[in-house]
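Working notes for the structure below.
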Amino acid sequence: MAEERLQKIISTAGVASRRKAEQLILEGRVTLNGKIVTELGTKAEFGKDHIKVDGKLLQPPREFVYLALNKPAGYVTTTSDPEGRPTIMSLLKGVKTRVYPVGRLDYNSEGLILLTNDGEFANAVMSAKSELVKTYVVKVNGTLTEEQESQFRKGVYLHRKKTAPAGLVRLKHADNPWYEIKLIEGRQNQIRMMFRHFGILVEKLKRVKIGFLELGSLRHKEFRSLEPAELNRFFKALKLKVADDE
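Quick note, the sequence shown lines up with residues 85 to 330 if you use the working numbering.
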């Protein structure tokens, strides 16, 4: 096996996303053959070199796991929470393999989220470069004007950086209307901040689709494994190599 960057190895091992892995390295929580590593360019050979995160030796995954979960509101999409709030990991009853969330849905949001121990898959799903569309339905406390809708679709400036173009369709005309939103990026609280940019607050937010994959009949707190055909479709869309046994 060829040498690879440590952050990629940590991600492949299912410990964290590559971005989080970089943070772990910078925080001095990673050792390589007994020495603390803080340089992001450091390379190693997975399975040969001894790589530890927080003192735990990394092992190549025996198998990759891909799950779809219907997240309810009132849960955080992290493996742990310093505030003691419930995490979606507590919903994965019977899952023995260590997985982690692909991207995030904030505490008050609900809907479809993927979990896996395949770091390359997770990174590809989260990357805006993949242009994988995430679809949401949102209830808000006011109506956008036609001009505001046009601005929303073209992108708005959040923290001095313009968002990517977004899909926007009003689903229900009411004092508290529903909109369908389509994004190819996923900044933290992005949809809420985009509406707040126009003085409108989000009352309910639900992700109903990731790429082609729909939430479907999954109930709150329920999860399922992705089907082989679904995985192949994801891998093709993300331009990832499909394993021989899939």
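Idealized CB from N, CA, C, for every residue including glycine. This one's a predicted model, so the numbers in the text were calculated from it and none came from an experiment.
Between the CA atoms of residue j and residue i - distance to the nearest angstrom
i: E233; j: M210; result: 25 Å
i: V222; j: K266; result: 11 Å
i: E314; j: L297; result: 8 Å
i: L175; j: N207; result: 23 Å
i: H344; j: A248; result: An answer regarding residue 344 cannot be provided, because it is not within the stretch 85 to 330 covered by the chain.
i: E231; j: E194; result: 29 Å
i: R332; j: G125; result: For residue 332 there is no data in the structure shown, the boundaries of the chain being 85 and 330.
i: N117; j: G239; result: 47 Å
i: Y220; j: K92; result: 30 Å
i: F319; j: R303; result: 26 Å
i: R244; j: L289; result: 24 Å
i: L324; j: G270; result: 20 Å
i: S214; j: Q107; result: 23 Å
i: D328; j: P185; result: Per-residue confidence for D328 stands at a pLDDT of 45, beneath the threshold of 50, marking its modelled position as unreliable; the derived number appears in the next sentence. Between D328 and P185, the C-alpha separation is close to 25 Å.
i: N192; j: P156; result: 8 Å
Residue-level contact to chain C via CB, residue i, 7 Å cutoff
i: L141; result: Absent here is chain C; the protein component of the structure consists of one chain.
Within 7 Å, strictly: CB atoms of residue i and residue j
i: V183; j: N201; result: yes
i: R254; j: Y263; result: yes
i: P145; j: G131; result: no
i: S95; j: A105; result: yes
i: I172; j: T161; result: yes
i: T115; j: K140; result: no
Anticipated Cβ contact below 8 Å, residue i with residue j, distance rounded
i: K127; j: R89; result: 6 Å
i: L299; j: L199; result: L299 to L199, Cβ: 14 Å. No contact.
i: I284; j: G226; result: 4 Å
Strand pairing of residue i, partner residues [DSSP]
i: R291; result: G195, Y220
i: R308; result: A152
i: F319; result: Answer by DSSP bridge pairing: none, since F319 is not bridged.
i: D133; result: F130
i: K245; result: L242
Please give me, in chain order, every unbroken run of the beta strand (DSSP E) with length at least 3 that falls completely inside the region 86–122. 114–116
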